[in-house]
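The listed protein sequences derive, respectively, from chains A and B. Going by the UniProt record's numbering, the letters in the first sequence line up with residues 1 to 344, in that order. Going by the UniProt record's numbering, the letters in the second sequence line up with residues 1 to 344, in that order. Where is the CB? At the ideal position from N, CA and C, for every residue including glycine. One structure below.
Protein chains: 2
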Amino acid sequence: MNIVKDKRPTINDVARISGVSKRTVSRVINGAANVGEATRKKIEAVIQELNFSPDKQARGLAASRSFLLGLIYDNPDALYIDQVQRGVLDICSAKGYELVVHPCTYKSDDFINNCIKFVKRSNIDGVVILPPVSESRELATSFQENHIKYVRIASLDLDDHANIVVSDDRAALSDLARYIVSLGHQNIAIISGPKSYFSSKERLEGFCDTLKQLGKKVPEERIIEGKNTYESGIDCARQLLIQTPRPQFIFANNDEMAAGVLKVAHELGILVPEQLSIAGFDDNLLASRIIPSLTTIQRPVSAMASLAATKIIAMIEGNEYNVEEQYLVKPHLIIRESTRKIDK
Amino acid sequence: MNIVKDKRPTINDVARISGVSKRTVSRVINGAANVGEATRKKIEAVIQELNFSPDKQARGLAASRSFLLGLIYDNPDALYIDQVQRGVLDICSAKGYELVVHPCTYKSDDFINNCIKFVKRSNIDGVVILPPVSESRELATSFQENHIKYVRIASLDLDDHANIVVSDDRAALSDLARYIVSLGHQNIAIISGPKSYFSSKERLEGFCDTLKQLGKKVPEERIIEGKNTYESGIDCARQLLIQTPRPQFIFANNDEMAAGVLKVAHELGILVPEQLSIAGFDDNLLASRIIPSLTTIQRPVSAMASLAATKIIAMIEGNEYNVEEQYLVKPHLIIRESTRKIDK
DNA sequence: TTGTAAGCGTTATCAT
DNA sequence: ATGATAACGCTTACAA
Chain A
1 MNIVKDKRPT
11 INDVARISGV
21 SKRTVSRVIN
31 GAANVGEATR
41 KKIEAVIQEL
51 NFSPDKQARG
61 LAASRSFLLG
71 LIYDNPDALY
81 IDQVQRGVLD
91 ICSAKGYELV
101 VHPCTYKSDD
111 FINNCIKFVK
121 RSNIDGVVIL
131 PPVSESRELA
141 TSFQENHIKY
151 VRIASLDLDD
161 HANIVVSDDR
171 AALSDLARYI
181 VSLGHQNIAI
191 ISGPKSYFSS
201 KERLEGFCDT
211 LKQLGKKVPE
221 ERIIEGKNTY
231 ESGIDCARQL
241 LIQTPRPQFI
251 FANNDEMAAG
261 VLKVAHELGI
271 LVPEQLSIAG
281 FDDNLLASRI
291 IPSLTTIQRP
301 VSAMASLAAT
311 KIIAMIEGNE
321 YNVEEQYLVK
331 PHLIIRESTR
341 KIDK
Chain B
1 MNIVKDKRPT
11 INDVARISGV
21 SKRTVSRVIN
31 GAANVGEATR
41 KKIEAVIQEL
51 NFSPDKQARG
61 LAASRSFLLG
71 LIYDNPDALY
81 IDQVQRGVLD
91 ICSAKGYELV
101 VHPCTYKSDD
111 FINNCIKFVK
121 RSNIDGVVIL
131 PPVSESRELA
141 TSFQENHIKY
151 VRIASLDLDD
161 HANIVVSDDR
171 AALSDLARYI
181 VSLGHQNIAI
191 ISGPKSYFSS
201 KERLEGFCDT
211 LKQLGKKVPE
221 ERIIEGKNTY
231 ESGIDCARQL
241 LIQTPRPQFI
251 FANNDEMAAG
261 VLKVAHELGI
271 LVPEQLSIAG
281 FDDNLLASRI
291 IPSLTTIQRP
301 VSAMASLAAT
311 KIIAMIEGNE
321 YNVEEQYLVK
331 PHLIIRESTR
341 KIDK
């Protein structure tokens, strides 16, 4: 059906064959209103016949648009990244955009410039920024200064609602606290995420604040700062599980670390959940596969990503209808085998 | 309007400030040989100072290139995808390319056309294709017909060596067979991958052939076709573990399914590895986290991806030096806790 | 070794 | 409603 021609037809071919100027063809392509009905029909027919479609690069060069969206992240969690990509792509392909991925290194002090250049080089129309990079005030500021459109995904409401999608980690951790107290646990311990991340802070405070309201206080020495890695979970669990009295419940800032706790418990012969309850955060692939399966908190990652994509495209196309108003989602508790009521 | 730094610098700015023509700057950008040493230094300095990087669209429009690489896949394994992306990106960013991701649906019969359109729409310079889509003869043929450059990543040598990176799954499974026999296992069972995938066939045959050479034959009813998912692993394990005599060893075509086997064994009170040994394939994140940790086979995914990227860029840039010769990598066995010698 | 100038396929600014 | 013509930022014959 499709005959491969030597050269792709250009707007000039369409113009010549239609007997009009290319400016008029351009009008038709872009759906401008002021084109005669007869002319439009004629041109559309020729476009059909030639199987013409405008060249994206030329279009981009002339109009400063690329129909490219960027995804910026410095996150080792492959599962999270993958979910985000799919969520964004669902929207992208429906709207005629493509997704360009850009992992970066948050710690490198070149990283802001690196991101800016990434966007400028390819004339990326807008970017979605993932945590923890999304927490960078400097990056957001630089994007604003460079007139780069962005939407951040984060755990804290730290930008205009048009520019952010927030998961209310604090509220979710509050739920977890109530659940744990309802199970009767007394000796509660926490492996937090890196304190420099807002998300860690939100989760920690959401948990501790509600605990305090319910009359339970977590002492300092029962809160250890982890690095969100499996190995770090193991280290922290070792420190926690030798304390007397031994913790009855441990919350780990993510599932990776929770898996580390499980590992240490197993090594020490501590039964989960009989002698120790554990909860994580993410609802990682791991969470449902591991034995015992992990009580955890699930963010609607894919939905957040789709929302972010919708918002960024709305910004790009100037249709900022009521998209600003939607920005907050609440993660929810998933109860599995790793938590249970205190026997006694 | 003249001295305003609002706009990003162009090749003209670099030329003007360096006091040369833009043709010379272009030479420097593209690493041409015939540029005076002093001139080059001067220009490079200015490029640095201006933080200049050439506009991809303009470059593409002029040179009929986009500096965009595509990644085509229909693979639910997020960890695999993520590793591939990072492997490809390592090379990409070093060579000035960006990566556009394109998940697709292998089963949909529009998928070939969908992929072609994806490439043409954005003038993608070349694509890397992941298994199982990479096994599609039709897709490869269509790409050839449309003069689209591609490199496939696969488990079987099914294309010109210039167009493929192959992991020798067969050889790796042969190693596993020898290892298992050395442990003294008699009753061996297999959960294969979908039979329609070449990779499943390679692994199955590599395993069975070597087993046969060593005097062990796996009977028909001990080979079950799984779907490479956790749930499918559970289903197949149930069928296998009620057989008499009960299998002493189960090979699962991937770690996801092996995790399912572990789950069922746990439910049935079968001790792993005391009463049942299990091995998987992939060296998934899961493999090292799960308890007991999983004996499995690791492909050098990231290295394969980098090699694929190197090859596709060589094709694009016409530097097909000896890159054709490198195409085969061998996965290797990782022995963990889930396999052990037969007691008795 | 370096420069001039003509594109590449669009969109945007003016006219008419 | 339509059309010349100039950008857009770069590469590349062709000179010098």
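Quiz item: Under the DSSP definition of a beta bridge, which residues are partnered with I129(B)?
Solution: I72(B), R152(B)
Exercise. Could you check the C-alpha separation between residue 399(B) and A279(A) for me, to the nearest Å?
Key: An answer regarding residue 399(B) cannot be provided, because it is not within the stretch 1 to 344 covered by chain B.
Self-check item: Runs of alpha helix (DSSP H) lying entirely within the UniProt domain "HTH lacI-type" (9–63) of chain B, each at least 4 residues, in chain order
Solution: 11–18, 22–29, 37–50, 56–63
Practice problem: Leaving out five residues on either side along the sequence, give the residues of the same chain with a beta carbon under 7 Å from the beta carbon of D90(A). | Solution: S306
Practice problem: State buried or exposed for Q57(A), treating a residue as buried only when at least 16 other CB atoms are found within 10 Å of its CB. | Solution: buried
Quiz item: If we cut at 8 Å on Cβ distances, does K330(B) have a partner in chain A?
Solution: no
Quiz item: Would you say P331(A) and D109(A) are within 8 Å of each other, going by their C-beta atoms?
Solution: no
Quiz item: In whole angstroms, what is the alpha-carbon distance linking R246(B) and N187(B)?
Solution: 7 Å
Quiz item: Name the chain A residues whose beta carbon is nearer than 7 Å to that of Y230(B)?
Solution: R289
Quiz item: Under a CB-based cut-off of 8 Å, is R299(B) close to chain A?
Solution: no
Quiz item: Roughly how many angstroms lie between the CA atoms of E256(B) and N228(B), to the nearest whole one?
Solution: 7 Å
Self-check item: Residue environment, H102(B), which counts as buried when at least 16 other CB atoms sit within 10 Å
Solution: buried
Quiz item: Would you report the Cα separation of K107(A) and D209(B), rounded to the nearest angstrom?
Solution: 50 Å
Quiz item: Would a check of beta-carbon distances place N123(A) closer than 8 Å to chain B?
Solution: yes
Quiz item: Are the beta-carbon atoms belonging to L333(A) and I297(A) less than 8 Å from one another?
Solution: yes
Quiz item: Using the C-alpha atoms, what's the distance from R336(A) back to E274(A)?
Solution: 13 Å
Self-check item: Continuous beta strand (DSSP E) stretch holding F67(A): start and end
Solution: Segment: none, F67(A) is in no beta strand (DSSP E) and carries neither H nor E.
Quiz item: Can you tell me the Cα-Cα spacing of residue 349(B) and V165(B), whole angstroms?
Solution: There is simply no residue 349(B) to check, as chain B begins at 1 and stops at 344 in what is shown.
Self-check item: Check whether G96(A) and F67(A) have beta carbons under 8 Å apart
Solution: yes
Quiz item: Looking only at its own chain, which residues have a Cβ that is under 7 Å from the Cβ of N253(A), when we skip the five neighbours before and after it?
Solution: I191, S192, G193, S200, R203, G226, N228, F281
Self-check item: Where the UniProt domain "HTH lacI-type" (9–63) of chain B meets chain A: residues whose CB sits under 8 Å from a CB there
Solution: N51, S53, P54, D55, K56, Q57, A58, G60, L61
Quiz prompt | Residue from A303(A), L183(A), I313(A) with nearest C-alpha to D82(A) | solution = A303(A)
Quiz item: Is the shortest distance between the beta-carbon of Q85(A) and the beta-carbons of chain B less than 8 Å?
Solution: yes
Quiz prompt | Three or more C-beta pairs below 8 Å linking the region 120–131 of chain B and the region 71–81 of chain B | solution = yes
Quiz item: Exposed or buried, S196(A), counting other C-beta atoms within 10 Å across all chains shown (16 or more means buried)?
Solution: exposed
Quiz item: The alpha helix (DSSP H) with T210(A) in it runs from where to where?
Solution: 198–213
Exercise. Answer yes or no: does any C-beta atom of chain A fall closer than 8 Å to that of V261(B)?
Key: no
Quiz item: With C-beta atoms as the reference, is R40(B) less than 8 Å away from V28(B)?
Solution: yes
Quiz item: Where does P131(A) land, buried or exposed, given buried means 16+ other C-beta within 10 angstroms?
Solution: buried
Quiz item: Could you give the residue range of the alpha helix (DSSP H) that holds S293(B)?
Solution: Careful: S293(B) lies outside any alpha helix (DSSP H) and carries neither H nor E.
Quiz prompt | Neighbouring residues, chain B, relative to A78(A) (Cβ below 8 Å) | solution = A78, L79, I81, D82, Q83, L285
Quiz item: CB L183(B) to CB K341(B), shorter than 8 Å?
Solution: yes
Exercise. Tell me whether E135(A) is buried or exposed, calling it buried when 16 or more other Cβ atoms sit within 10 Å of its Cβ.
Key: buried
Practice problem: Would you mind listing the beta strand (DSSP E) stretches within the region 248–316 of chain B that are 3+ residues and don't spill past its ends, in chain order? | Solution: 249–252, 277–279, 296–298
Practice problem: Measure the CB-CB distance between L286(B) and V264(B) and report whether it falls below 8 Å. | Solution: no
Exercise. Compare the beta carbon distance of F207(A) and L173(A) with 8 Å and say whether it is the shorter of the two.
Key: yes
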